[in-house]
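S.K.: Residues in the sequence shown are numbered consecutively from 1, following the numbering used here. There's a structure below that I have some questions on.
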Amino acid sequence: MKENKDAVLALYKAVDAKFGQNIILMDLEGVTSLADYFLIVTGNSAPQLDALSDTVEDTLAEYGIKIRHREGVRSGNWTLLDFEDIVVHLFDKESRAYYNLERTWGDAKIITP
């Protein structure tokens with residue numbers, strides 16, 4: 001959906017501006033019915049992951065996209081933010097390497113803004 005593509009591109013730029021690292025935007029259309037997009041971001045600390053989470057919610061709210069579900073917000077190592085068609089994964093470095101979602105969803109197209 002065009003509106004969601006604009007939103008995820010803005011989202012990519014917003015987490016990059018907050019110093020998110022190793023940002024990967026995956027287009028899942030045609031790969032799974034779970035979501036159209038995954039955004040995967042690494043943060044350096046629990047406070048940075050919290051700030052990135054706030055940035056994600058604020059940015060998508062500007063596009064009228066509301067969160068459906070949150071997981072792991074207080075864990076400090078992986079936060080999942082589900083916006084229905086857009087799912088955001090915020091990881092610390094160790095959890096990112098362990099779960100390696102890029103490999104799991106290897107059929108997805110990588111979008112480079």
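Glycine residues also receive a C-beta, built at the ideal position from the N, C-alpha and C atoms.
Could you give the first and the last residue of the continuous alpha helix (DSSP H) run that contains LEU101?
M.R.: Counting along the chain, the alpha helix (DSSP H) containing LEU101 begins and ends at 101 to 104.
S.K.: Strictly by DSSP, which residues pair up with LYS109?
M.R.: LYS109 pairs with ASP27.
S.K.: Report all residues from its chain with a CB closer than 6 Å to the CB of VAL88; omit the five preceding and five following residues, and keep chain order.
M.R.: Contacts found: LEU39, VAL56 and LEU81.
S.K.: Could you give the C-beta distance for ASN4 and ASP36, rounded to a whole number, given that I count them as a contact under 8 Å?
M.R.: With a Cβ gap of about 6 Å, ASN4 and ASP36 count as contacting.
S.K.: Is it right to say TYR98 is buried, meaning 16 or more other beta carbons lie within 10 angstroms of its own, or is it exposed?
M.R.: Burial call: exposed.
S.K.: Nearest CA to the CA of ALA17: which residue from LEU34, SER75 and THR59?
M.R.: With distances taken between Cα atoms, ALA17 lies closest to THR59.
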